[in-house]
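Visitor: Questions regarding the structure given below will be posed in turn.
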Amino acid sequence: MSLDRIFGLYTVGFLGITILIGIGEVFFGLPNTWIGWLFMALSLAIYVVIGVVTRTSNPDQYYVAGRSVPAFYNGMATGSDWMSAASFISMAGALSVQGFAGLAYVMGWTGGYLLLAVFLGPYLRQFGAYTIPDFLGARYGGNMARIIGVLGAIACSLMYLIAQVTGVGFIVARFIGIDFNIGVFLGLVGVLLCSVLGGMKSVTWTQVAQYIILIISYLVPVVYMSWTIFSIPIPELTYGQLLQRNNASAIAVTRDPKEKETRALWKKDADEITAKLKEPGLSEADRTKLTAQRTIAVTQSRAPAASDDAKLGNYLTAPTGTGMWNFLALTFCLMVGTAGLPHILTRYYTTPSVRQARTTCGWALFCIFLLYFTAPAYAAFARFALYARLVGSKITELPAWVNLWKPAGLFEVVDKNGDGIVQWADFVLKSSDFVVLATPEIAGLPFVITGLVMAGGLAAALSTADGLLLTIANAISHDLYYNVIDPRASLVKRLTITKVFLVVTAVVAAYIATYRLSLIVELVAWAFSLAGASFFPALVMGIWWKRTNKWGANIGMLVGLGVTLYYMIGSRFFGVSWFGTTTISSAIFGLPAGFLTIWIVSLLTAPPPKEIQDLVVSVRYPKSGQATKGDPLGRDAKGVFAH
Amino acid sequence: MAELTEKQKQEYWRYNVRLTTILLIIWFVVTYIISGIMAGWLNQFSIIGFPLGYYMAAQGSLAIFVIEIAVYALLMNKKDLEYGIIEGD
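See below:
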């Protein structure tokens, strides 16, 4: 059966089962917890079946899916590899809180693919290796570059992986109501069953299946909302109208005397807490609690537009000055980070040819674009629900979705000035995740859609976790063990070691996730800057400038990493500030430092050997018939195990 | 198919570099100038209900990125065929 047929049937089947569950809910009163369980069991079962069916012990299949994944499917796999729990659940919420400034994420996480497409993807494929450290090792002749690559890959990927596992626990706990730690464990089993047996081959096809679930579940609620409000099922076209209505509401809220009164009360709270914080002898716990309260009070006391006569609310206003600098810097860092993350780069090794590597990048961005193009619409619809349906209602007659989601602790509705009416400033947001999670209920959809969203969030978290896990395990087993420690290891031994490290890495990640460190989310954002500043310059220079030598690359990677880390830690903990740049954009300094170092050091030291230079030039030209012959380095199945 | 001659290689590479440069210039202008620095000014205009600056950052730029990558893949793959490079996938 052809791939199109298999995945076509799969999509139809999944939709059919969703409809069946929906019928069960509407006509036979299927309880919500059952729906949650059904969706989780169903989707995990699908992934595990794919994982088992695609099991393999052929190294070429295990490391790079036999270099045989067609562009369209590779695009979907890249899409779900890329889109994590954060993209799926948190991004729309962040947009809804941050307004224009949040668009840095949307642009950064898509624009990076252009860098990937024109600078790296096709050339990495032509170079033909198994992993990114593999490329660095071959290009910069020696274990030094390989080991820096391994450390970089692990550092970026592990934090990211922990966040995904945390995401799984969070989703499962929220929708099914079981313990967070059991949720983490379930996620762990799901991820391992998909990756241990078939490596990259299993992960690729599971990711395709996961992409289909995640994109359907992301689009359904917001398409439905667009349909009910505007009778047009394309939210991307209609939410402009909504932005206008929201904008009018924001200005009205800014002017309204009752709102002003409420904001003044919050302001008074904030001032009182500030005074309290100055008192001596406060315990650390009290101080943390008061600071958190003050942050809420300050946020609530802010009007949604700059002044009474503003034309645009804050939501639509582009930042200026330092705000604009940070917006641009963040966009840039996310872009180079996207193009430097090892788990995405390895996907290009799985394409059959250079031309398919180019097409893969196109499909990948298209698959990602479908979600990111819709995320700002989600944000606008959620804000509309707040302005139009919550603000002005009686505190005793709140909309149904408010009562449904209030126990989850994502937000609170208070009556600050005691007039019995909900003001904008009475809505206290605790976690912007409510935007995606609660949209189905806001839209008045049955619970089955909420279950679908859960399955989508789970798919997003698991698919990214799969890719990351494989990257880490391969970095340790293939690059560190096989290439550095024991190049004579037999094939069986190598694959066994990879499998052992898959399990070990997953268990370590799950164990750290159970601590639920709040720092993790922050560290994930840092991973982009780290990947951008360390890998991106060394990869781009390695491909585009044959004169780049190992000293340049090694020192350049370390300098890029060093400068970025210095600014990150300095600005986060010790008050360092260059041009008022935020911590998350640290690569804006590390990246140029990396490029510059590679250039200068390479020129100061001897050029790389002739065969490496010839190799760099040869990578520019795809060759006829190479898709059937294996790659130029002879690293495919036959060549790599010869020694 | 025989190997490319030196001259063909130079032409092929020059074409690639030129295409890459053009795409990157568009990428830069769209992201940092239009959706960034000029967005505040562009917001006074509106397109299907969106303030233009917001629209470019939220939708326009994304659509342009997709088109750019598609154009790159199409043109380069076409160029390969022109030079008789058939990888046989």
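The listed protein sequences derive, respectively, from chains D and R.
Counting from 1, one number per residue, gives the positions in the first sequence under our numbering.
Counting from 644, one number per residue, gives the positions in the second sequence under our numbering.
Glycine included, C-beta positions come from ideal geometry on N, C-alpha and C.
Keep in mind it's a predicted model, so treat the numbers as computed, not measured.
Pick out whichever of D:484, D:269, D:390, D:504 has its Cα sitting closest to the Cα of residue 293 (chain D).
Guide: Position 293 of the first sequence holds residue 293 (chain D). Measuring from the Cα of residue 293 (chain D), the nearest candidate turns out to be D:269.
Visitor: Would you report the Cα separation of residue 224 (chain D) and residue 440 (chain D), rounded to the nearest angstrom?
Guide: On the first sequence, position 224 is the one that residue 224 (chain D) refers to. On the first sequence, position 440 is the one that residue 440 (chain D) refers to. Using only the alpha carbons, I get a separation of about 9 angstroms.
Visitor: Which chain R residues sit within Cβ distance under 7 angstroms of residue 366 (chain D)?
Guide: The residue you call residue 366 (chain D) lines up with position 366 of the first sequence. Simply 709.
Visitor: To the nearest angstrom, report how far apart residue 111 (chain D) and residue 267 (chain D) are at their CA atoms.
Guide: For the purposes of this step, residue 111 (chain D) is taken as residue 111 along the first sequence, with counting starting at 1. For the purposes of this step, residue 267 (chain D) is taken as residue 267 along the first sequence, with counting starting at 1. About 40 angstroms.
Visitor: Using only alpha-carbon positions, find the residue among D:66, D:76, D:55, D:595 that is nearest to residue 696 (chain D).
Guide: Missing from the structure shown is residue 696 (chain D); chain D here goes from 1 to 643 and no further.
Visitor: In terms of residues, what are the limits of the alpha helix (DSSP H) holding residue 574 (chain D)?
Guide: Taking the first sequence and counting its residues from 1, one reaches residue 574 (chain D) at position 574. No alpha helix (DSSP H) holds residue 574 (chain D); DSSP gives it neither H nor E.
Visitor: Whole angstroms are fine: how far does the CA of residue 114 (chain D) sit from the CA of residue 675 (chain R)?
Guide: Taking the first residue of the second sequence as 1, we reach residue 675 (chain R) at position 32. Taking the first residue of the first sequence as 1, we reach residue 114 (chain D) at position 114. Looking at the backbone, the Cα of residue 675 (chain R) and that of residue 114 (chain D) are separated by about 14 angstroms.
Visitor: Check whether chain R comes within 8 angstroms of residue 236 (chain D), counting only Cβ atoms and requiring the distance to be less than that.
Guide: Counting from 1 along the first sequence, the entry for residue 236 (chain D) is found at position 236. Judged by the 8 angstroms Cβ criterion, residue 236 (chain D) is in contact with chain R.
Visitor: Exposed or buried, which one is residue 326 (chain D) when buried takes at least 16 other CB atoms within 10 Å?
Guide: Mapped onto the first sequence, residue 326 (chain D) falls at position 326. Flag for residue 326 (chain D) reads buried.
Visitor: With 16 other CB atoms within 10 Å as the buried threshold, where does residue 401 (chain D) fall?
Guide: The sequence position of residue 401 (chain D) within the first sequence is 401, counting from 1. Under this definition residue 401 (chain D) is a buried residue.
Visitor: Quick one: is residue 202 (chain D) buried, meaning 16 or more other Cβ sit within 10 Å of its Cβ, or exposed?
Guide: By one-based count along the first sequence, residue 202 (chain D) stands at place 202. Looking at its Cβ environment, which holds 16 or more other Cβ atoms inside 10 Å, residue 202 (chain D) is buried.
Visitor: With a CB to CB cut of under 7 angstroms and the five nearest residues on each side skipped, what residues in its chain are close to residue 184 (chain D)?
Guide: Taking the first residue of the first sequence as 1, we reach residue 184 (chain D) at position 184. Cβ within range, chain order: 165, 168, 169, 510, 513, 514.
Visitor: I'd like to know whether the C-beta of residue 674 (chain R) is nearer than 8 angstroms to at least one C-beta of chain D.
Guide: Within the second sequence, residue 674 (chain R) is the residue found at index 31, counting from 1. Yes, because at least one Cβ of chain D sits closer than 8 angstroms to the Cβ of residue 674 (chain R).
Visitor: Taking 8 angstroms as the CB-CB cut-off, is residue 140 (chain D) touching chain R?
Guide: Here residue 140 (chain D) is taken as the residue at index 140 of the first sequence, counted from 1. So no, residue 140 (chain D) is outside the interface.
Visitor: Round the Cβ separation of residue 3 (chain D) and residue 190 (chain D) to the nearest angstrom and send it over; I've been treating them as touching at under 8 angstroms.
Guide: As a position in the first sequence, residue 3 (chain D) is number 3, starting the count at 1. As a position in the first sequence, residue 190 (chain D) is number 190, starting the count at 1. Rounded, the Cβ-Cβ distance is 23 angstroms, inconsistent with contact.
Visitor: For the candidate residues D:438, D:303, D:624, whose alpha-carbon lies nearest to that of residue 453 (chain D)?
Guide: Translated into the one-based positions of the first sequence, residue 453 (chain D) becomes position 453. That would be D:438, whose Cα lies nearest to the Cα of residue 453 (chain D).
Visitor: Locate the beta strand (DSSP E) running through residue 427 (chain D), then write down its first and last residues.
Guide: Numbered from 1 along the first sequence, position 427 holds the residue referred to as residue 427 (chain D). Looking at the DSSP string, the run of the beta strand (DSSP E) that includes residue 427 (chain D) is 427-429.
Visitor: Is it the case that the Cβ atoms of residue 358 (chain D) and residue 720 (chain R) are separated by a distance below 8 angstroms?
Guide: The residue labelled residue 358 (chain D) in the question sits at position 358 within the first sequence. The residue labelled residue 720 (chain R) in the question sits at position 77 within the second sequence. Yes, these two residues count as a Cβ contact at 8 angstroms.
Visitor: Can you check whether the CB of residue 382 (chain D) is closer than 8 angstroms to the CB of residue 442 (chain D)?
Guide: The residue you call residue 442 (chain D) lines up with position 442 of the first sequence. The residue you call residue 382 (chain D) lines up with position 382 of the first sequence. Contact flag set, yes.
Visitor: Measuring CA to CA, which of D:418, D:38, D:403 is closest to residue 411 (chain D)?
Guide: Stepping through the first sequence from its first residue, residue 411 (chain D) is reached at position 411. That would be D:403, whose Cα lies nearest to the Cα of residue 411 (chain D).
Visitor: Grouping DSSP H, G and I as helix and E and B as strand, with all else coil, what is residue 53 (chain D)?
Guide: Numbered from its first residue, the first sequence carries residue 53 (chain D) at position 53. Note: residue 53 (chain D) maps to helix in three-state DSSP.
Visitor: Check whether the Cβ atoms of residue 528 (chain D) and residue 334 (chain D) sit closer than 8 angstroms, and answer yes or no.
Guide: The sequence position of residue 528 (chain D) within the first sequence is 528, counting from 1. The sequence position of residue 334 (chain D) within the first sequence is 334, counting from 1. The answer is yes: Cβ separation under 8 angstroms.
Visitor: Can you say whether residue 121 (chain D) is buried or exposed, counting buried as having 16 or more other CB atoms within 10 angstroms of its CB?
Guide: Along the first sequence, read from residue 1 onward, the residue named residue 121 (chain D) stands at position 121. It is buried - the Cβ of residue 121 (chain D) has at least 16 other Cβ atoms within 10 Å.
Visitor: Starting from the beta carbon of residue 693 (chain R), find every residue of chain D whose beta carbon is closer than 7 angstroms, and list them in chain order.
Guide: Stepping through the second sequence from its first residue, residue 693 (chain R) is reached at position 50. Chain D residues near residue 693 (chain R): 240, 243.
Visitor: Name, in chain order, the residues that DSSP records as bridge partners for residue 689 (chain R).
Guide: Residue numbering aside, residue 689 (chain R) sits at position 46 when the second sequence is read from its first letter. DSSP links residue 689 (chain R) through a beta bridge to R:694.
Visitor: If we ignore side chains and look at the alpha-carbon of each, how far apart do residue 623 (chain D) and residue 571 (chain D) end up?
Guide: Along the first sequence, one-based indexing puts residue 623 (chain D) at 623. Along the first sequence, one-based indexing puts residue 571 (chain D) at 571. Taking the straight line joining both Cα atoms gives about 48 angstroms.
Visitor: Compute the beta-carbon to beta-carbon distance between residue 71 (chain D) and residue 244 (chain D), rounded to the nearest angstrom, for a pair I have assumed lies under 8 angstroms.
Guide: Along the first sequence, read from residue 1 onward, the residue named residue 71 (chain D) stands at position 71. Along the first sequence, read from residue 1 onward, the residue named residue 244 (chain D) stands at position 244. That belief does not hold up - the Cβ atoms of residue 71 (chain D) and residue 244 (chain D) are roughly 40 angstroms apart, past 8 angstroms.
Visitor: Kindly list the residues whose CB is nearer than 7 angstroms to the CB of residue 296 (chain D), restricted to its own chain and excluding five residues on each side of it in sequence; keep chain order.
Guide: Translated into the one-based positions of the first sequence, residue 296 (chain D) becomes position 296. Excluding positions up to five away in sequence, the list reads 428.
Visitor: For residue 376 (chain D) and chain R, any beta-carbon pair shorter than 8 angstroms?
Guide: Along the first sequence, one-based indexing puts residue 376 (chain D) at 376. Answer yes: the Cβ-Cβ gap between residue 376 (chain D) and chain R drops below 8 angstroms somewhere.
Visitor: Compute the Euclidean distance between the alpha carbons of residue 602 (chain D) and residue 141 (chain D), then round it to the nearest angstrom.
Guide: The residue given as residue 602 (chain D) occupies position 602 in the first sequence. The residue given as residue 141 (chain D) occupies position 141 in the first sequence. Their backbone Cα atoms lie some 14 angstroms apart in a straight line.
Visitor: Is any beta-carbon of chain D found at less than 8 angstroms from that of residue 653 (chain R)?
Guide: Counting from one through the second sequence, the residue named residue 653 (chain R) turns up at place 10. So, not an interface residue.
Visitor: Using only CA atoms, which one of D:392, D:312, D:446, D:350 lies nearest to residue 31 (chain D)?
Guide: Indexing the first sequence from 1 puts residue 31 (chain D) at position 31. Here the closest residue by C-alpha is D:446.
Visitor: Run the CB neighbour count on residue 305 (chain D), radius 10 Å, all protein chains shown included, and call it buried at 16 or more, exposed below.
Guide: The residue labelled residue 305 (chain D) in the question sits at position 305 within the first sequence. Result: buried.
Visitor: Check this for me: beta carbons of residue 472 (chain D) and residue 537 (chain D), under 8 angstroms apart or not?
Guide: The count along the first sequence starts at 1 and reaches residue 472 (chain D) at position 472. The count along the first sequence starts at 1 and reaches residue 537 (chain D) at position 537. The Cβ-Cβ distance between residue 472 (chain D) and residue 537 (chain D) does not fall below 8 angstroms.
Visitor: Under 9 angstroms Cβ-Cβ, which residues of chain D neighbour residue 730 (chain R)?
Guide: Residue 730 (chain R) sits at position 87 when you count from the first residue of the second sequence. Going along chain D in sequence order, the residues near residue 730 (chain R) (Cβ under 9 angstroms) are 352, 353, 354, 355, 356, 622, 623, 624, 625, 626, 627, 628.
Visitor: Could you check whether residue 563 (chain D) and residue 532 (chain D) sit closer than 8 angstroms to each other, using their CB atoms as the reference points?
Guide: Position 532 of the first sequence holds residue 532 (chain D). Position 563 of the first sequence holds residue 563 (chain D). Going by C-beta atoms, residue 532 (chain D) is not nearer than 8 angstroms to residue 563 (chain D).
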